[in-house]
Each structure stands twice: as C-alpha cells, then as structure tokens.
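Here my numbering is used: the first residue of the sequence shown is 41, the next is one more, and so on. Glycine is no exception: its CB is placed at the ideal position from the N, C-alpha and C atoms. Since this is a predicted model, take the numbers as computed values, not measurements. Data first, discussion second: the structure below is written as structure tokens.
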Amino acid sequence: MKAFVMLRFLKRLMLLASLIKLALVWSVSFVFAGQLGMTSISTWTSWEPSDCYEPTAPYFSCYDEYSCESAVDEYNDYVSEVRSYLACIQNEAEADLRNVTRAIQEGVSEAASDKSSDVDDAKYMLENALESGGYSLR
C-alpha cells in the first residue's frame, strides 16, 4: 500500500516536472532563448532541487526476528524520508516556477519600457533634426 502511494506521488511529481518544462519551453522560443542571470534557458535546460535532502536507501540485513523487525522499521523510515524529499522537491519546483515566471514577466516589462523610452528619445531627436533643417513631422 505504501509503495502504491509513493508511486502515485512520483507520478504527480513527474507531471509537475513536465508542466515546468512545458512552461519554460512555451515562454522561450526554440530559436531565441532568454537568460536568468548568467544561466541561459533552452529546451535542454535541466532543473535540480537545491535545498532538499535526498535520503539514501538503507542496506537491509535480516538473519533473526529482531533484525527482520529492524529492517521493516528501517524500510518504513526510508519511505517516510522519501515522501518528505518528494514533497520538498515539489514545493521547491513550484516556488521556482513562480519565481521564474515573475522574473521573465519583469524582464519583458523592463525591456518594453526601455525601448519605449528609446523610441520617444529617437522621435525627439528626429523632430529636432527636422526643425533645424526647416522641416516638420506635421
């Protein structure tokens, strides 16, 4: 039963990873890729958790009743640690997705604002050049 629950959780995690990848691919063209800081984004960009402790599978030794009970307890503890690890990964991925989306949206907004100012400045310079030559945009 515990294995079934873990498999279902793993499927959800894989779906979340697919959604993150889809969001990144959708928000970034195949030809033109943006950058987050010094990291370029592409369809080959991979994501890894940074703040989640990955549990190590225990070694089981079962040679008498006590050691077999201990092995079962170790297994149950390991399953619990894996659940915590997967929950951590999911939470971190969701937070990263929100942060990446915000960073991309802010980058687009800043670029648009900068270019709008550049267009206004260019128009002002053109008007001055035309006026100095005796012409007008009107």
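Distance from the CA atom of serine 153 to the CA atom of glutamate 171, rounded to whole angstroms, is 27 Å.
Annotation: cysteine 102 is outside any alpha helix (DSSP H) and is labelled neither H nor E by DSSP. Here threonine 79 carries a strand assignment [DSSP, helix/strand/coil].
Contact annotation: the region 88-106 touches the region 125-139, with at least three C-beta pairs closer than 8 Å.
The straight-line gap separating the alpha-carbon atoms of serine 80 and glycine 74 is approximately 6 Å. When DSSP states are grouped into helix, strand and coil, aspartate 136 belongs to the helix group.
Here glycine 147 carries a helix assignment [DSSP, helix/strand/coil].
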